[in-house]
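Numbering (UniProt numbering), first residue to last: 1 to 351. Each residue gets a CB set at the ideal place from its N, CA and C atoms; glycine is no exception.
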């Protein structure tokens, strides 16, 4: 099997980000490749086919677990490492060299380097929050690369970290908890344990919480337990959702909730729990969703498959975009590979 065919069959995209200009989508996978899609291609009204994707390899030893975009830098979270790559928007290229990098410190009793699993970027303070496999959320100053604070409280690895408009931080983990954090306190201000709610517990799937999202008054989370909405002040569970799979994605999108994971559909619900849209996906599991409403509606859903699923109205699937096999320069590589295959199949005339 050719390398491209192998990657096409086992492509697993855990991370996506949209550029500051809102003109480009970046998608990173566990093969260490970053794909770039020009969003202007999605708005073409003529019959001209969209341009192919660009790909920027980071090395086969780089598992791309999370991405963020700040100013003109794409920020990559890998195993034990966070680094920035400069993006040249005029030339539509990522630098081949890392502009900066930050190593996650090894804990005294650690037996392996921790994964960087999740980012939340606070543009107001130029701070990056990284949820890691050692159970710690690190607050990093992007101006000088210094780790400003370590949020400790999880007893297992952190799956997701998000921020609230008022500055509070929320993290969910394999230990089945959602921790509420404030910069003014060393300890978490509150701890949510959804698996202790009998309505949410799904014993066969464990207690881990794979995703969390917040808006002004509400929090939604899910994983092994059923996804549900909680009131931030009272910490009461007010609504559960009937999503049938394990949850790796949950987001507040306008006045709706998006939920995805280990199921052949992603679903939109109202805040009252009514199903609004049931969108088929070709992923074995959906791991990432990014979206914007300005200058136009756009959402990309990615996971364990070779396709990005594109939505423009957040209710229907608009298109699917291949990654491997749809990259600029593929034609030349394929022709060269075919020539090599022909040479290999020929008889040896040297004697």
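Within 8 Å, strictly: CB atoms of residue i and residue j
i: residue 117; j: residue 157; result: yes
i: residue 18; j: residue 25; result: yes
i: residue 261; j: residue 273; result: no
i: residue 138; j: residue 181; result: no
i: residue 249; j: residue 300; result: no
i: residue 20; j: residue 98; result: no
i: residue 252; j: residue 278; result: no
i: residue 217; j: residue 232; result: yes
i: residue 30; j: residue 75; result: no
Residue closest to residue i, alpha-carbon to alpha-carbon, out of the options
i: residue 144; options: 126, 239, 174, 160; result: 126
i: residue 225; options: 217, 90, 235, 199; result: 199
i: residue 13; options: 294, 284, 312; result: 284
i: residue 79; options: 208, 94, 59, 37; result: 59
i: residue 142; options: 135, 29, 130, 305; result: 130
i: residue 57; options: 50, 242, 28; result: 28
Bounding residues of the beta strand (DSSP E) (the contiguous stretch that carries residue i)
i: residue 7; result: Taken as a continuous stretch (DSSP letters only), residue 7 belongs to no beta strand (DSSP E), being part of the alpha helix (DSSP H) at 3-10.
i: residue 157; result: Element bounds for residue 157: n/a, residue is neither H nor E.
i: residue 141; result: 136-141
i: residue 60; result: Neither: residue 60 is in no beta strand (DSSP E) and is coded neither H nor E.
i: residue 280; result: 275-280
i: residue 104; result: Where residue 104 is concerned, there is no enclosing beta strand (DSSP E), given that its DSSP letter is neither H nor E.
i: residue 17; result: 13-18
For residue i, the three-state DSSP class (helix, strand or coil)
i: residue 150; result: strand
i: residue 320; result: strand
i: residue 205; result: helix
i: residue 39; result: helix
i: residue 54; result: strand
i: residue 184; result: coil
i: residue 196; result: helix
i: residue 30; result: coil
i: residue 243; result: coil
i: residue 86; result: strand
i: residue 328; result: coil
i: residue 44; result: coil
Rounded distance between the beta-carbons of residue j and residue i, thought under 8 Å
i: residue 172; j: residue 211; result: 7 Å
i: residue 167; j: residue 207; result: Not really, about 28 Å apart at Cβ, beyond 8 Å.
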